[in-house]
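Have a look at the structure below, then the notes.
Residue numbers (the working numbering): 232 to 472.
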């Protein structure tokens, strides 16, 4: 379901309900109560002061990053002005199967470019000049419709599988019909209540941007639904008038 957002017209970004700009080649309105850490091409790096006045933003201003949180089970984006929703978020975010996913969007000069997800995923699973805990071999059986890669061999110091190392992560891969990696997920193997997963995909060819979604490994079986929800939320930011 598409949502529409009303932009409050003002001569200053300070009094606008939305951040505006160009996101991956598409004009967008980003409601300030939905998103955080919005940055544009040319903004000073963290810890650096801006030189000169802050630019007046337009729909031509290139957005290069921002974040938001969404509850994927019912497609509810976190509205920071909604106290009851914020309370639910605080109560649910530490559950083992926490339904909230944290989304980071990279575009503009932070976009990896066409095929970036393939290059990142392939670089990880094919790396050889790295420590054994960062080397990968493909497992015989897929899981959740994804190829699975894990560390082969035994750590001679502990006589336990490298896959059980505290730094070990499983990698899950989806490819398109040409063999290009289009979904790249890394999940921690640690025995903790919420082992984290980092799930990368892009919005080519609708928008030139990359998405990095963080969630509990307990929810990886829902990876396709998570992609669908996150994709639609980003597309909902498109300018509607």
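A virtual CB, placed ideally from N, CA and C, is assigned to each residue, including glycine.
Note: residue 396 is not bridge-paired with any residue in the DSSP secondary-structure output.
If you draw a 10 Å sphere on the C-beta of residue 338, you find 16 or more other C-beta atoms in it, and that means buried.
In the displayed model, residue 337 falls within a strand according to three-state DSSP. Collapsing the DSSP output to three states places residue 249 in a strand. A contact is defined here as three or more CB-CB pairs under 8 Å, and the stretch 344-354 meets this definition with respect to the stretch 409-416. A contact is defined here as three or more CB-CB pairs under 8 Å, and the stretch 452-472 fails this definition with respect to the stretch 359-371.
Between the stretch 396-409 and the stretch 302-314, the count of Cβ pairs shorter than 8 Å is below three; the stretches do not touch.
For residue 356, the closest alpha carbon among the candidates 385, 265, 311 and 378 is that of 378. Within the same chain, Cβ atoms closer than 7 Å to the Cβ of residue 424 are found at 327, the five residues on either side in sequence being excluded. Annotation: the continuous alpha helix (DSSP H) that includes residue 322 extends over 314-323.
Counting along the chain, residue 465 sits inside the alpha helix (DSSP H) bounded by residues 454-467. By alpha-carbon distance to residue 437, the top candidate from 259, 251, 376 and 249 is 259. Residue range 294-302 is occupied by the beta strand (DSSP E) that includes residue 302.
Pairing residue 369 with residue 383, the inter-Cα distance amounts to about 9 Å. Separation of the CB atoms of residue 419 and residue 394 is rounded to 11 Å, and the pair is thereby denied contact status at 8 Å.
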